[in-house]
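2 protein chains.
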Amino acid sequence: MNTEPPPIRVLVVEDEPIAADAHAVYLQRIGGFSLAGTAADGQSALRALQQAAEAGQPIDLILLDMNLPDLHGLDIARCIRSGGLAVDIIAITAVRDLKVVRAAISSGVVQYLIKPFTYAMFAEKLANYRDFRQQLASPTARASQNDVDLALASLRAPTAAPLPKRLSESTLTAVVVLLKSHAGPISASEVMDRLGISRVTARRYLEYLADQQTVRRTARYGTPGRPENEYLWRG
Amino acid sequence: MNTEPPPIRVLVVEDEPIAADAHAVYLQRIGGFSLAGTAADGQSALRALQQAAEAGQPIDLILLDMNLPDLHGLDIARCIRSGGLAVDIIAITAVRDLKVVRAAISSGVVQYLIKPFTYAMFAEKLANYRDFRQQLASPTARASQNDVDLALASLRAPTAAPLPKRLSESTLTAVVVLLKSHAGPISASEVMDRLGISRVTARRYLEYLADQQTVRRTARYGTPGRPENEYLWRG
DNA sequence: ACCCTTGCGTTCATATTGGTCCCACCCAAC
DNA sequence: GTTGGGTGGGACCAATATGAACGCAAGGGT
Chain P
4 MNTEPPPIRV LVVEDEPIAA DAHAVYLQRI GGFSLAGTAA DGQSALRALQ QAAEAGQPID
64 LILLDMNLPD LHGLDIARCI RSGGLAVDII AITAVRDLKV VRAAISSGVV QYLIKPFTYA
124 MFAEKLANYR DFRQQLASPT ARASQNDVDL ALASLRAPTA APLPKRLSES TLTAVVVLLK
184 SHAGPISASE VMDRLGISRV TARRYLEYLA DQQTVRRTAR YGTPGRPENE YLWRG
Chain B
4 MNTEPPPIRV LVVEDEPIAA DAHAVYLQRI GGFSLAGTAA DGQSALRALQ QAAEAGQPID
64 LILLDMNLPD LHGLDIARCI RSGGLAVDII AITAVRDLKV VRAAISSGVV QYLIKPFTYA
124 MFAEKLANYR DFRQQLASPT ARASQNDVDL ALASLRAPTA APLPKRLSES TLTAVVVLLK
184 SHAGPISASE VMDRLGISRV TARRYLEYLA DQQTVRRTAR YGTPGRPENE YLWRG
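Put into structure tokens, the structure is as follows:
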């Protein structure tokens, strides 16, 4: 029906190897991204950007730490901008200074993630960015005001609670396991049958996962009655 | 409770005097902003920025047109970034090219307003920016993740009006995607076949889009039978 | 000119699911 | 033992696509 968009090429810029690895691992767990490289300081980050652009495989996104041995993250952002590279930046840093936050946003940082963070927080920010990008990647090269607003809205969507009420960890994992093991899309009724839980409960968890962008929600047509939602795990 | 925040100093960059005046007038009608100057081309805009910064009254926000006689708006944004000035940019332009939109957001444009626009739209974007700024101007110099998220969320445009009855978001999206990807005009029957939905449903959504002026409706004659409506996506 | 054919527009009842409210049950804390 | 929070599930109403039936506007033959 529709073609899968190409993965978003990500450069991780982080001087602590442990943290850099963690970011890379987290990244792999989210669909739609591919790790294009890692840099431990500002100079090598800029070099990697340049090389990737010259190789015809430009970086799309940088996960940028602010505290680096040679350059400050804001300086790196400035260098990137003056180079005119079309790369987006998500700041991932322990710096909580409001001035830095403001300056980062002025410099075109699209998300600002404060360390330490949970995987859920990380995944949410990245998923927001992925949706934002997909909305602006439409084949029609022109945008309406509504298109732009919707794209920005998905980029800046507010935070979701750690785990909303009415949801339990065990049931959630059961649903996730079922979704992962199931090849095609699956409906709430089918989850009900497979797991022996009620339709209401199945729907509650599936909707949560859909809101979290970890499953894709589509509608099944062709039969009378209200269309049935189907949920598909995103690899 | 707390003192009134100082007004946000705005520089209007627009080559057409009429439009520049309009922006200035609109700006006066919104609280919390003060017009710091007007520039008709890129060079004078950069000069004005520099002078304001040296005079100790830096510009906070630029309303930036993309099409200027000497420099492109994106170039101006790039110059500003490489200068390291902490100034935010709202793009106000007739350019609807998605590449430009993406590049603008990468360059740190916080809002993108497509001309022509209504005063309500203009006021909404500016008010959003004002709220965003106020949230990051808190006397506490440190931010939590929640603070940052809330501030970014206020930059986000509120969700569009709810859909009329009998229409669902997902189905509408499917129809829109199909229309966008289809070059020529398309009939209700063809939408039925392509999406696997019924003719009645396809027509309901196409009629809605036609009423919203987002698709153009024409009639096809020449074949036996009642003339068939065709719908064409408007770029 | 008239009528028949043809295929879409329109309306309505129906089927089936989504969404919400509220209660039963479980478990932990006191 | 009692109380309180929280999860799961039944019941109900709302929502939405479908299918059939009818109406309508054009083409084409007599």
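Protein sequences appear in the order of chains P and B.
For the first sequence, my numbering gives the first residue as 4, with consecutive numbering after it.
For the second sequence, my numbering gives the first residue as 4, with consecutive numbering after it.
For glycine and all other residues, C-beta sits at the position ideal for the given N, C-alpha and C.
Keep in mind it's a predicted model, so treat the numbers as computed, not measured.
- Query: Where glutamine 2 of chain P and glycine 225 of chain B are concerned, what is the direct C-alpha to C-alpha distance, given to the nearest angstrom?
  - Reply: Because chain P in this structure spans residues 4 to 238, residue 2 of chain P falls outside the shown range and cannot be described.
- Between glycine 225 of chain P and chain B, is there a C-beta pair that is closer than 9 Å? One-based indexing of the first sequence puts residue 225 of chain P at position 222. At a cut-off of 9 Å, the C-beta of glycine 225 of chain P has a neighbouring C-beta in chain B.
- Residue of P/Leu74, P/Gly111 and P/Ala89 minimising C-alpha distance to valine 90 of chain B: Residue numbering aside, residue 90 of chain B sits at position 87 when the second sequence is read from its first letter. Of the candidates P/Leu74, P/Gly111 and P/Ala89, P/Gly111 places its Cα closest to the Cα of valine 90 of chain B.
- Query: Which of the three DSSP states, helix, strand or coil, is assigned to glutamine 29 of chain B?
  - Reply: For the purposes of this step, residue 29 of chain B is identified with residue 26 of the second sequence, where counting begins at 1. The question names glutamine, but residue 29 of chain B is tyrosine in the sequence shown. DSSP places tyrosine 29 of chain B in helix when its eight states are reduced to three.
- In or out: asparagine 70 of chain B buried (at least 16 other Cβ within 10 Å) or exposed? For the purposes of this step, residue 70 of chain B is taken as the residue at position 67 of the second sequence. Asparagine 70 of chain B should be labelled exposed.
- Could you name the residues of the same chain whose beta carbon sits closer than 8 Å to that of alanine 27 of chain B, not counting the 5 residues immediately before and after it, in chain order? Working through the second sequence from its first residue, we reach residue 27 of chain B at position 24. Answer for alanine 27 of chain B: Val15, Leu38 and Thr41, listed in chain order.
- Query: List, in order along the chain, the chain B residues whose C-beta lies closer than 7 Å to that of glycine 87 of chain P?
  - Reply: In the first sequence, counting from the first residue as 1, residue 87 of chain P sits at position 84. In chain order: Arg81.
- Task: Would you mind telling me which residues of chain P sit closer than 7 Å to alanine 106 of chain B, beta carbon to beta carbon, in chain order?
- Result: As a working mapping, residue 106 of chain B is identified with position 103 in the second sequence. The answer, in chain order, is Ala89.
- With 16 other CB atoms within 10 Å as the buried threshold, where does glutamine 215 of chain B fall? Along the second sequence, one-based indexing puts residue 215 of chain B at 212. By the 10 Å Cβ count, glutamine 215 of chain B comes out exposed.
- Beta carbon of glycine 45 of chain P, beta carbon of leucine 74 of chain P: below 9 Å? Position 42 of the first sequence, counted from the start, is the residue given in the question as residue 45 of chain P. Position 71 of the first sequence, counted from the start, is the residue given in the question as residue 74 of chain P. In this structure, leucine 74 of chain P lies closer than 9 Å to glycine 45 of chain P by Cβ.
- Query: Using a Cβ-Cβ distance under 9 Å, would threonine 96 of chain P count as near chain B?
  - Reply: Counting from 1 along the first sequence, the entry for residue 96 of chain P is found at position 93. For threonine 96 of chain P, not one C-beta of chain B is nearer than 9 Å to its own C-beta.
- Message: Can you find the residues in the same chain that come closer than 6 Å, C-beta to C-beta, to isoleucine 62 of chain P, ignoring five residues on each side of it along the sequence?
- Response: Residue mapping note: residue 62 of chain P aligns to position 59 of the first sequence, counting from 1. Close CB contacts of isoleucine 62 of chain P within its chain, under the 6 Å cut and outside five residues either way in sequence, are with Arg12, Leu14, Ala39, Leu52, Ala55 and Val90 (chain order).
- Query: How is aspartate 63 of chain P classed by DSSP in three states: helix, strand or coil?
  - Reply: Along the first sequence, one-based indexing puts residue 63 of chain P at 60. In this structure, aspartate 63 of chain P counts as coil in the three-state DSSP scheme.
- What separation, rounded to the nearest whole angstrom, lies between the Cα atoms of lysine 128 of chain B and serine 157 of chain B? The count along the second sequence starts at 1 and reaches residue 128 of chain B at position 125. The count along the second sequence starts at 1 and reaches residue 157 of chain B at position 154. Approximately 10 Å between the Cα atoms of the pair.
- Could you give the residue range of the beta strand (DSSP E) that holds valine 180 of chain B? Mapped onto the second sequence, residue 180 of chain B falls at position 177. No beta strand (DSSP E) holds valine 180 of chain B; the alpha helix (DSSP H) holding it covers 172-184.
- Closest Cβ-Cβ distance between threonine 174 of chain B and chain P: below 9 Å? The residue labelled residue 174 of chain B in the question sits at position 171 within the second sequence. The beta carbon of threonine 174 of chain B sits closer than 9 Å to some beta carbon of chain P.
- Task: Identify each residue in the segment 114-126 of chain P for which the Cβ-Cβ distance to at least one residue of chain B is less than 8 Å, and report them in chain order.
- Result: Cβ contacts with chain B: Gln114, Tyr115, Leu116, Ile117, Phe120 and Met124.
- Buried or exposed by the 16-neighbour rule on C-beta atoms within 10 Å, applied to leucine 209 of chain B: Indexing the second sequence from 1 puts residue 209 of chain B at position 206. It counts as buried.
- Query: Cβ of arginine 12 of chain B less than 9 Å from any chain P Cβ?
  - Reply: Sequence index remark: in the second sequence, residue 12 of chain B carries index 9 (1-based). Among the CB atoms of chain P, none fall inside 9 Å of the CB of arginine 12 of chain B.
- Message: Residues in the same chain with beta-carbon distance under 6 Å from alanine 97 of chain B, minus the five sequence neighbours each way, listed in chain order, please.
- Response: Within the second sequence, the letter at position 94 stands for residue 97 of chain B. Excluding sequence positions up to five before and after alanine 97 of chain B, its CB lies within less than 6 Å of the CB of Lys118, all in the same chain and listed in chain order.
- What is the rounded straight-line gap between the Cα of proline 139 of chain P and the Cα of glycine 34 of chain P? On the first sequence, residue 139 of chain P is found 136 positions in, with the first residue counted as 1. On the first sequence, residue 34 of chain P is found 31 positions in, with the first residue counted as 1. In the sequence as presented, proline is not what sits at residue 139 of chain P; that position holds leucine. Taking the straight line from one Cα to the other gives about 18 Å.
- What three-state label does DSSP hand threonine 217 of chain P in the structure shown? For this step, residue 217 of chain P is matched to residue 214 along the first sequence. Under the three-state reduction of DSSP, threonine 217 of chain P is assigned to coil, being neither helix nor strand.
- Would you mind telling me which residues of chain P sit closer than 9 Å to leucine 49 of chain B, beta carbon to beta carbon, in chain order? In the second sequence, counting from the first residue as 1, residue 49 of chain B sits at position 46. Going along chain P, no residue has its Cβ under 9 Å from leucine 49 of chain B, so there is no contact; the nearest lies around 14 Å.
- For serine 147 of chain P, decide whether its Cβ has a neighbour in chain B, counting only Cβ atoms nearer than 9 Å. Counted from its first residue, the first sequence places residue 147 of chain P at position 144. Yes, serine 147 of chain P lies at the interface with chain B (some Cβ there is under 9 Å from its Cβ).
- What separation, rounded to the nearest whole angstrom, lies between the Cα atoms of serine 171 of chain B and serine 85 of chain B? On the second sequence, residue 171 of chain B is found 168 positions in, with the first residue counted as 1. On the second sequence, residue 85 of chain B is found 82 positions in, with the first residue counted as 1. The alpha-carbon separation between serine 171 of chain B and serine 85 of chain B amounts to approximately 46 Å.
- Task: Using 10 angstroms around the beta-carbon of alanine 205 of chain B, count the other beta-carbons present and answer buried if the total reaches 16, otherwise exposed.
- Result: Numbered from its first residue, the second sequence carries residue 205 of chain B at position 202. With 16 or more other Cβ atoms within 10 Å, it is buried.
- Message: Spatial neighbours of isoleucine 93 of chain P within its chain, please: C-beta separation below 8 Å, excluding the five flanking residues on both sides.
- Response: Position 90 of the first sequence, counted from the start, is the residue given in the question as residue 93 of chain P. Short of 8 Å from the beta carbon of isoleucine 93 of chain P, and not among the five residues preceding or following it, lie these beta carbons of its own chain, in chain order: Leu64, Ile65, Leu66, Leu67, Val112, Val113, Gln114, Tyr115, Leu116, Lys128, Leu129 and Tyr132.
- Message: Starting from valine 15 of chain B, trace the alpha helix (DSSP H) in both directions and tell me its first and last residue.
- Response: Counted from its first residue, the second sequence places residue 15 of chain B at position 12. Valine 15 of chain B -> not in any alpha helix (DSSP H); beta strand (DSSP E) instead, spanning 11-16.
- Message: In whole angstroms, give me the CA-to-CA distance for alanine 80 of chain B and alanine 222 of chain P.
- Response: Taking the first residue of the second sequence as 1, we reach residue 80 of chain B at position 77. Taking the first residue of the first sequence as 1, we reach residue 222 of chain P at position 219. Between the alpha carbons of alanine 80 of chain B and alanine 222 of chain P lies a distance of about 42 Å.
- Message: Counting only Cβ-Cβ distances shorter than 7 Å, please list the residues of the segment 15-46 of chain P near chain B, keeping chain order.
- Response: Per Cβ criterion, the list is empty.
- Could you confirm whether any beta carbon from chain P is found closer than 9 Å to the beta carbon of isoleucine 200 of chain B? As a first step, residue 200 of chain B is located in the second sequence; it is residue number 197 there, counting from the start. Isoleucine 200 of chain B counts as touching chain P.
- At which residues does the beta strand (DSSP E) containing isoleucine 117 of chain B begin and terminate? Looking up residue 117 of chain B in the second sequence gives position 114. Residues 112-117.
- Query: Who are the near neighbours of glutamate 231 of chain B in its chain, counting only those whose CB is closer than 6 Å to its CB and skipping five residues on each side?
  - Reply: Translated into positions along the second sequence, residue 231 of chain B becomes position 228. Shown here for glutamate 231 of chain B: same chain residues with a beta carbon closer than 6 Å to its own, the five before and five after excluded, namely Ser190 and Arg223 in chain order.
- Message: Let me make sure I understand the geometry here. Which of P/Phe135, P/Arg220, P/Ile200 and P/Val194 has the alpha-carbon closest to that of leucine 235 of chain P?
- Response: Walking along the first sequence from the start, residue 235 of chain P turns up at place 232. Nearest neighbour of leucine 235 of chain P by Cα position, chosen from P/Phe135, P/Arg220, P/Ile200 and P/Val194, turns out to be P/Arg220.
- I think valine 103 of chain P touches valine 151 of chain B, with their Cβ atoms under 8 Å apart; what is that distance to the nearest whole Å? Looking up residue 103 of chain P in the first sequence gives position 100. Looking up residue 151 of chain B in the second sequence gives position 148. With 8 Å as the limit, valine 103 of chain P and valine 151 of chain B do not qualify as a contact, their Cβ atoms being about 11 Å apart.
- Query: Quick one: Cα of lysine 168 of chain B to Cα of threonine 174 of chain P, how far?
  - Reply: What you label residue 168 of chain B is simply residue 165 of the second sequence in a count that begins at 1. What you label residue 174 of chain P is simply residue 171 of the first sequence in a count that begins at 1. If you take the alpha carbons of lysine 168 of chain B and threonine 174 of chain P, they lie about 34 Å apart.
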